[in-house]
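There are 2 protein chains.
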Amino acid sequence: MRRKGLASMAVQTVDTPRTPGTGEGHGPAVDLGPAAALSCRECGERFALGPIFACELCFGPLEVAYDLPAGDPEALRARIEAGPTSIWRYAPLLPVPADVAERPNLNPGWTKLVRADNLARELGVEPGKLHIKDDSGNPTHSFKDRVVAQALEAARAFGFTTLSCSSTGNLAGAVGAAAARAGFRSCVFIPHDLEQGKVVMAAVYGGELVGIEGTYDDVNRFCSELIGDPAGEGWGFVNVNLRPYYAEGSKTLAYEICEQLGWRLPDQLVIPIASGSQLTKIDKGLRELIELGLVEEKPYKIFGAQAEGCSPVSAAFKAGHDVVRPQKPDTIAKSLAIGNPADGPYVLDIARRTGGAVEDVNDEQVVAAIKLLARTEGIFAETAGGVTVGVTRKLIEAGLLDPTLTTVVLNTGDGLKTLDAVAPTTGPTATIRPSLDAFRAAGLAH
Amino acid sequence: MRRKGLASMAVQTVDTPRTPGTGEGHGPAVDLGPAAALSCRECGERFALGPIFACELCFGPLEVAYDLPAGDPEALRARIEAGPTSIWRYAPLLPVPADVAERPNLNPGWTKLVRADNLARELGVEPGKLHIKDDSGNPTHSFKDRVVAQALEAARAFGFTTLSCSSTGNLAGAVGAAAARAGFRSCVFIPHDLEQGKVVMAAVYGGELVGIEGTYDDVNRFCSELIGDPAGEGWGFVNVNLRPYYAEGSKTLAYEICEQLGWRLPDQLVIPIASGSQLTKIDKGLRELIELGLVEEKPYKIFGAQAEGCSPVSAAFKAGHDVVRPQKPDTIAKSLAIGNPADGPYVLDIARRTGGAVEDVNDEQVVAAIKLLARTEGIFAETAGGVTVGVTRKLIEAGLLDPTLTTVVLNTGDGLKTLDAVAPTTGPTATIRPSLDAFRAAGLAH
Numbered sequence: 177m178r179r180k181g182l183a184s185m186a187v188q189t190v191d192t193p194r195t196p197g198t199g200e201g202h203g204p205a206v207d208l209g210p211a212a213a214l215s216c217r218e219c220g221e222r223f224a225l226g227p228i229f230a231c232e233l234c235f236g237p238l239e240v241a242y243d244l245p246a247g248d249p250e251a252l253r254a255r256i257e258a259g260p261t262s263i264w265r266y267a268p269l270l271p272v273p274a275d276v277a278e279r280p281n282l283n284p285g286w287t288k289l290v291r292a293d294n295l296a297r298e299l300g301v302e303p304g305k306l307h308i309k310d311d312s313g314n315p316t317h318s319f320k321d322r323v324v325a326q327a328l329e330a331a332r333a334f335g336f337t338t339l340s341c342s343s344t345g346n347l348a349g350a351v352g353a354a355a356a357r358a359g360f361r362s363c364v365f366i367p368h369d370l371e372q373g374k375v376v377m378a379a380v381y382g383g384e385l386v387g388i389e390g391t392y393d394d395v396n397r398f399c400s401e402l403i404g405d406p407a408g409e410g411w412g413f414v415n416v417n418l419r420p421y422y423a424e425g426s427k428t429l430a431y432e433i434c435e436q437l438g439w440r441l442p443d444q445l446v447i448p449i450a451s452g453s454q455l456t457k458i459d460k461g462l463r464e465l466i467e468l469g470l471v472e473e474k475p476y477k478i479f480g481a482q483a484e485g486c487s488p489v490s491a492a493f494k495a496g497h498d499v500v501r502p503q504k505p506d507t508i509a510k511s512l513a514i515g516n517p518a519d520g521p522y523v524l525d526i527a528r529r530t531g532g533a534v535e536d537v538n539d540e541q542v543v544a545a546i547k548l549l550a551r552t553e554g555i556f557a558e559t560a561g562g563v564t565v566g567v568t569r570k571l572i573e574a575g576l577l578d579p580t581l582t583t584v585v586l587n588t589g590d591g592l593k594t595l596d597a598v599a600p601t602t603g604p605t606a607t608i609r610p611s612l613d614a615f616r617a618a619g620l621a622h
Numbered sequence: 177m178r179r180k181g182l183a184s185m186a187v188q189t190v191d192t193p194r195t196p197g198t199g200e201g202h203g204p205a206v207d208l209g210p211a212a213a214l215s216c217r218e219c220g221e222r223f224a225l226g227p228i229f230a231c232e233l234c235f236g237p238l239e240v241a242y243d244l245p246a247g248d249p250e251a252l253r254a255r256i257e258a259g260p261t262s263i264w265r266y267a268p269l270l271p272v273p274a275d276v277a278e279r280p281n282l283n284p285g286w287t288k289l290v291r292a293d294n295l296a297r298e299l300g301v302e303p304g305k306l307h308i309k310d311d312s313g314n315p316t317h318s319f320k321d322r323v324v325a326q327a328l329e330a331a332r333a334f335g336f337t338t339l340s341c342s343s344t345g346n347l348a349g350a351v352g353a354a355a356a357r358a359g360f361r362s363c364v365f366i367p368h369d370l371e372q373g374k375v376v377m378a379a380v381y382g383g384e385l386v387g388i389e390g391t392y393d394d395v396n397r398f399c400s401e402l403i404g405d406p407a408g409e410g411w412g413f414v415n416v417n418l419r420p421y422y423a424e425g426s427k428t429l430a431y432e433i434c435e436q437l438g439w440r441l442p443d444q445l446v447i448p449i450a451s452g453s454q455l456t457k458i459d460k461g462l463r464e465l466i467e468l469g470l471v472e473e474k475p476y477k478i479f480g481a482q483a484e485g486c487s488p489v490s491a492a493f494k495a496g497h498d499v500v501r502p503q504k505p506d507t508i509a510k511s512l513a514i515g516n517p518a519d520g521p522y523v524l525d526i527a528r529r530t531g532g533a534v535e536d537v538n539d540e541q542v543v544a545a546i547k548l549l550a551r552t553e554g555i556f557a558e559t560a561g562g563v564t565v566g567v568t569r570k571l572i573e574a575g576l577l578d579p580t581l582t583t584v585v586l587n588t589g590d591g592l593k594t595l596d597a598v599a600p601t602t603g604p605t606a607t608i609r610p611s612l613d614a615f616r617a618a619g620l621a622h
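From first to last, the protein sequence lines stand for chains A and B. Reminder that position 312 of the first sequence reads as 488 in the numbering used here, one-by-one numbering, no gaps. Reminder that position 356 of the second sequence reads as 532 in the numbering used here, one-by-one numbering, no gaps.
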């Protein structure tokens with residue numbers, strides 16, 4: 177795997193990028209702020225900004241390359257701090273036009289970084305060192321609002337009028353809500369047999385919701401067909417033809433964490449792995465902050481977290497492999513259940529390069545970790561949050577994560593969306609008649 | 177009903193407040209910031225700060241009276257703007273110690289004020305004039321986090337170690353989460369036959385959760401017994417013996433709305449009515465901002481919103497009555513289903529004094545309004561939000577709410593908690609085989 181490092185993403189000029197067939201005509205007219213081009217993560221070839229996602233030459237995945245603001249870091253920091261309390265405070269570092277905050281969108285981000293001293297005590301971490309980045313505070317209660325907000329701006333720039341995606345949960349709600357507010361049509365594809373709660377959440381924003389008779393894989397294959405067909409013309413699939421822009425939204429997690437730590441890098445991060453894109457983009461965001469002089473450079477370790485029932489990256493890490501062997505997912509952490517994660521190899525590379533690791537926990541440990549976080553910090557996390565907290569515990573016990581260093585653990589979603597995970601083991605302490613005698617008899621008075 | 181107006185709550189000194197029996201010894205040692213005393217909302221008698229809620233003389237409800245910061249409004253405004261992005265930016269105006277933001281709590285508030293131009297278009301409101309104050313962004317996704325955060329500080333000040341409440345939903349989660357994070361024991365009482373989802377949300381934070389065999393009224397009666405019994409000693413019931421402090425949390429909605437409008441009063445507010453406490457405290461907050469010179473004084477109208485199936489205040493308003501006749505609730509808007517609202521008479525007084533009104537909508541209109549808000553602004557509201565949006569539409573149609581003036585409509589909770597309200601009428605547009613032919617046949621391609 178060829179990697180161009182910082183040079184491919186930070187302060188640089190564009191050398192006449194190629195205009196690929198599918199993106200033709202978009203090049204000069206597109207205003208996506210500091211986004212200068214798309215570059216291939218494998219061969220480094222550059223393309224004009226457009227709704228494309230794979231390299232013409234080597235089929236590698238494309239990512240956004242920037243002309244980032246050069247100059248005085250203090251001035252940039254002040255400009256960010258004076259900005260809105262949303263991801264748009266970082267607009268100068270994102271593939272969005274400068275006036276993005278004035279356009280109708282959900283204004284996600286600037287979620288809480290919670291100093292988790294109670295949890296730290298339980299895990300044996302030094303007081304003041306453990307933090308939860310709690311993305312359940314986003315508008316539709318998952319980190320997906322961050323990435324969809326970028327895709328929306330790309331969709332506007334490319335003249336799309338419909339936002340689309342395949343999804344089994346969080347993404348469907350994020351796309352439906354963002355499209356509604358922005359005045360876009362939306363058309364979301366889901367497996368036809370999803371739980372009713374998830375269907376309601378996907379449908380309530382009034383867009384088209386199409387149940388596909390088949391598995392999630394069938395849904396994905398159908399969406400790929402649709403992109404190449406006239407029926408899908410004018411459609412922005414946030415996680416397919418808009419993916420290079422979409423993925424950049426995860427950089428904002430890195431920016432917020434560092435700013436909320438007082439413009440400091442954390443020493444260790446624990447990040448969930450679904451496709452692996454979030455982890456790689458957080459690493460990209462951290463390196464940009466260093467490059468721009470917004471934080472002081474120092475080593476940091478990135479740890480990836482998976483559920484045992486879908487742990488292809490963890491398995492490859494432990495086996496010392498560079499490639500990821502696909503798995504058939506079987507875990508309650510459904511938002512992480514991607515058996516063939518596109519960014520798996522990049523995740524392995526980052527975990528190894530930074531001195532981190534990739535670990536997994538079983539479903540029982542996920543449930544226990546959800547409850548632990550709720551009981552200690554009052555944060556009710558999605559199963560993905562149970563995975564990261566559970567993995568954090570395991571890494572500490574294994575001596576891989578240093579409990580004396582500043583550590584940030586991500587919770588990327590909301591427990592309200594995965595009630596089934598804890599319902600069987602969560603209920604009243606007691607059920608009594610409404611009398612003081614019954615209350616005392618139940619041993620509750622003290 | 178005797179009312180002391182601004183004099184009872186704003187810049188003033190305390191004239192040796194009475195020390196009631198139950199509050200004895202708390203007086204001078206208690207640091208609750210600018211809170212100076214409790215004063216009776218009926219007879220005006222003053223008492224030292226303590227865990228009491230009814231006047232010794234006339235049994236009227238007590239509320240917090242303040243020594244609010246006198247001096248330069250510009251300086252106070254600057255101090256607030258430099259504060260944390262939570263309700264604690266307003267700590268100088270709340271019954272909490274100055275260092276409140278450093279104490280472990282959920283840091284609620286500073287939720288979004290959403291400019292709702294799409295909704296405005298549908299309702300015939302001028303562009304830029306309609307805003308949704310969306311409190312689903314709070315840590316446990318309802319406005320209850322605001323009030324519980326105040327009660328928590330009062331509980332600390334009075335040496336309580338257990339937080340308690342009776343609840344059928346939002347409050348249970350807010351108390352459980354706040355207690356967990358603050359290191360308090362919690363004991364929450366619910367009717368034993370609540371839906372499983374609500375039970376899980378109340379239980380997941382690990383406090384005691386007690387199902388009571390009886391109705392919500394039985395639960396409440398039991399809690400009143402418990403407060404007077406040694407078994408309940410050291411217990412802070414957030415909405416009973418800590419109610420005067422708890423209720424003040426709703427003032428922060430007024431503060432945030434005005435600051436987010438650029439330190440301007442809105443012309444019209446539409447606020448849901450359960451006990452009516454939220455509406456009366458928002459009015460109190462607006463008057464404080466005027467008194468302190470933080471906003472320019474101008475007339476504003478306050479509108480109350482109820483569900484038809486529990487509309488005692490609306491009925492009294494329409495009948496021209498000063499008293500509220502209790503009703504037996506029967507509505508899907510369960511978080512507003514208080515048949516005998518304690519603050520009903522105060523609400524009537526405020527609606528009439530400000531030139532507002534109280535209106536109600538039926539369950540069908542609530543569901544339609546939830547969907548309207550989701551479809552236009554990407555906000556999935558709780559049934560209470562359906563009530564306020566539905567009432568807004570009705571008030572405009574009746575010519576009572578002026579569509580050319582700045583209007584703020586409250587959404588106090590999250591649609592994820594009341595999925596059942598919309599589930600029967602919300603689902604996929606179509607279910608198809610994964611093929612382009614099936615897609616075209618379903619009429620989805622265009």
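A virtual CB, placed ideally from N, CA and C, is assigned to each residue, including glycine. A quick note: this is a predicted structure, and the numbers were derived from the prediction, not measured.
Just list the residues that DSSP pairs residue i with in beta bridges.
i        : result
A/Lys288 : A/Asp310
B/Arg361 : B/Thr338
A/Ser215 : A/Arg222 and A/Glu239
A/Ser318 : A/Gly589
A/Pro367 : A/Ile388
A/Asn486 : The displayed chain sequence assigns Cys, not Asn, to residue 486 of chain A. Answer is A/Ala483, bridged to A/Cys486.
So, residue i versus residue j, is the Cβ gap smaller than 8 Å?
i        : j        : result
A/Ser262 : A/Gly285 : yes
A/Glu239 : A/Arg217 : yes
B/Leu549 : B/Pro448 : no
B/Leu470 : B/Trp439 : yes
A/Glu553 : A/Val324 : no
A/Gly387 : A/Ile366 : yes
B/Lys460 : B/Gly532 : no
A/Gly300 : A/Ile572 : yes
A/Trp411 : A/Thr338 : yes
A/Gly561 : A/Thr588 : yes
A/Val542 : A/Val523 : no
B/Leu455 : B/Gly480 : yes
B/Val565 : A/Val380 : no
In terms of residue numbering, what span does the beta strand (DSSP E) encompassing residue i cover?
i        : result
B/Phe479 : Lys477 to Ala483
B/Phe413 : Trp411 to Phe413
B/Thr552 : That residue, B/Thr552, is in no beta strand (DSSP E); its alpha helix (DSSP H) goes Asp539 to Glu553.
B/Leu385 : Glu384 to Ile388
B/Thr607 : Ala606 to Ile608
Do you know whose CA, among the options, lies nearest residue i's CA?
i        : options                                   : result
B/Leu208 : B/Thr287, B/Arg332, B/Ile433 and B/Ile308 : B/Arg332
A/Gly247 : A/Leu455, A/Leu468, A/Ala358 and A/Ala354 : A/Leu468
A/Pro420 : A/Gly349, A/Ser611 and A/Ala211           : A/Ala211
B/Val489 : B/Leu306, B/Ile526, B/Lys593 and B/Leu465 : B/Ile526
A/Thr391 : B/Gly383, B/Ala296, B/Lys320 and B/Arg609 : B/Arg609
B/Thr559 : B/Glu298, B/Asp536 and B/Pro315           : B/Asp536
B/Phe493 : B/Leu595, B/Trp264, B/Arg529 and B/Ala296 : B/Arg529
B/Ala557 : B/Leu581, B/Ala509 and B/Ala518           : B/Ala509
State the start and end residues of the unbroken alpha helix (DSSP H) segment that holds residue i.
i        : result
A/Ile403 : Tyr392 to Ile403
A/Ile526 : Gly520 to Thr530
### Query
Which full runs of the beta strand (DSSP E) of 3+ residues lie inside the segment 416-473 of chain A, going along the chain?
444-448
### Whole beta strand (DSSP E) elements within the segment 237-282 of chain A, 3-residue minimum
238-242
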